[in-house]
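**Q** Numbering (numbering that gives the first Met the number 0), first residue to last: 0 to 289.
Backbone N, C-alpha and C define an ideal beta-carbon position, used for all residues, glycine too.
I'd like to ask some things about the structure below.
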Amino acid sequence: MNCYLSADFGGTEIKTRILAENGDFLTPVRHFPSNANADEKTLLSHIRTVIETAVSDSPVPVTRAGLAFPGPFDYQNGIPLMQNINKYDALYQKDLLAFFKQSFPGITFRFANDADLFGLGADHFCGEPREDRIMYICIGTGLGSCFIENGALIKQRADVPPLGWIFAEPFDHDIIDRMVSGSALLNMIRHDSALCHLQDVRTAAEAAFSGNQAAIRLFECFGDRLVRAVTPFLERFHAQRLVVGGQISKSFSLFGTKLQNECAIRKIALSLCPSSADYAMKGTLRLFDS
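Written out as structure tokens, the structure reads:
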């Protein structure tokens with residue numbers, strides 16, 4: 000039986016968990032600081048220690064590991080291509096696949112984008128019948144996305160954006176990621192004179208739930224942006240379902256009404272997946288499908 004390590008390399012922390020072959024979690028989530036702005040030598044030493052610690056949690060030997068890294072990244076060959084984004088910049092063009100093979104010769108490593116893993120994991124492990132064509136979006140700090148048809152990621156086709164990622168697509172004289180994401184919401188809060196005293200998106204959501212009209216309008220505006228950003232991709236892909244995950248989806252009732260209406264008009268099923276991080280970790284297993 001194979002035992003799997005899933006590791007999510009975020010900008011502020013690294014999360015790891017051990018999974019069985021059937022997708023069951025064998026350990027709780029472990030949290031480590033990312034040290035993402037460190038130099039190459041320090042980063043590699045830290046990453047090695049993180050993997051060693053995570054693997055030591057496993058009740059049986061780990062044989063496979065799926066690692067989620069932010070992009071740009073050559074996921075096939077395990078080579079980071081991030082520059083000037085304050086996340087793992089020191090690893091630019093470093094052959095991480097070779098590094099992990101040398102450091103952990105008994106483990107097979109594969110790499111992926113966390114939004115792809117979310118879609119793969121939710122599609123396979125949600126326990127419900129799924130339509131043939133599904134678009135997944137994950138609204139966190141940024142806006143992740145993927146497109147799945149008959150259980151497989153669609154990465155290069157005329158009806159999806161390059162790699163299935165909408166974040167860099169043009170939108171309102173900018174790009175989607177800077178206009179429709181957690182970071183975008185925080186920027187909207189900071190530029191709203193009635194809300195700029197609020198600390199973060201969570202406190203803005205609490206204000207909206209408590210009846211603060213400025214906060215309610217803020218989330219409605221965000222919802223309008225989301226509809227205009229996502230709808231063209233749903234139509235082009237002929238999606239039969241849209242799945243919304245990520246931390247911001249927990250406040251969906253504040254901004255999701257217009258999206259619900261647009262999906263209903265187009266006869267597109269809509270579902271929420273606030274536990275997207277769990278499904279992304281389960282998606283690790285799909286990286287090893289034969």
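Could you check what DSSP says for E234 in three-state terms: helix, strand or coil?
**A** Three-state result, E234: helix.
**Q** What residue range does the beta strand (DSSP E) around Y135 cover?
**A** First-last of the beta strand (DSSP E) with Y135: R132 to I138.
**Q** Return the bridge partner residues of D7 from the DSSP annotation.
**A** Answer by DSSP bridge pairing, in chain order: K14 and A67.
**Q** What is the DSSP secondary structure of D223, reduced to helix, strand or coil?
**A** Of the three classes helix, strand and coil, the one that applies to D223 here is helix, per DSSP.
**Q** Quick check on this structure: which residue in P169, A121, Y135 and G245 has the alpha carbon closest to the alpha carbon of A228?
**A** Measuring from the Cα of A228, the nearest candidate turns out to be P169.
**Q** Whose C-beta lies closer than 7 Å to the C-beta of A111 among residues of the same chain, with five residues either side of it excluded?
**A** Within the same chain, A111 has close Cβ partners G65, A67, Y74 and L286.
**Q** Rank K249, G255 and G141 by C-alpha distance to the C-alpha of C272 and give the top, closest one.
**A** Checked all of K249, G255 and G141; the closest Cα to C272 is K249.
**Q** Sort out for me which residues DSSP pairs S270 with in a bridge.
**A** V242.
**Q** Does I165 come out as helix, strand or coil in the three-state DSSP assignment?
**A** Looking at I165 - three-state DSSP - the assignment turns out to be coil, as it is neither helix nor strand.
**Q** What residues match up with I174 in a beta bridge as DSSP calls it?
**A** DSSP output for I174 lists P169 as bridge partner(s).
**Q** To the nearest angstrom, how far is it from the Cα of I17 to the Cα of R63?
**A** Their backbone Cα atoms lie some 10 Å apart in a straight line.
**Q** What is the rounded straight-line gap between the Cα of E127 and the Cα of A193?
**A** One C-alpha to the other measures close to 43 Å.
**Q** Just mark T15 as buried or exposed, buried being the case when its beta carbon has 16 or more other beta carbons within 10 Å.
**A** T15 should be labelled buried.
**Q** Let me check understanding here. Comparing Cα to Cα, which of F24, T11 and E12 lies closest to C2?
**A** Minimum Cα distance to C2 is reached at F24.
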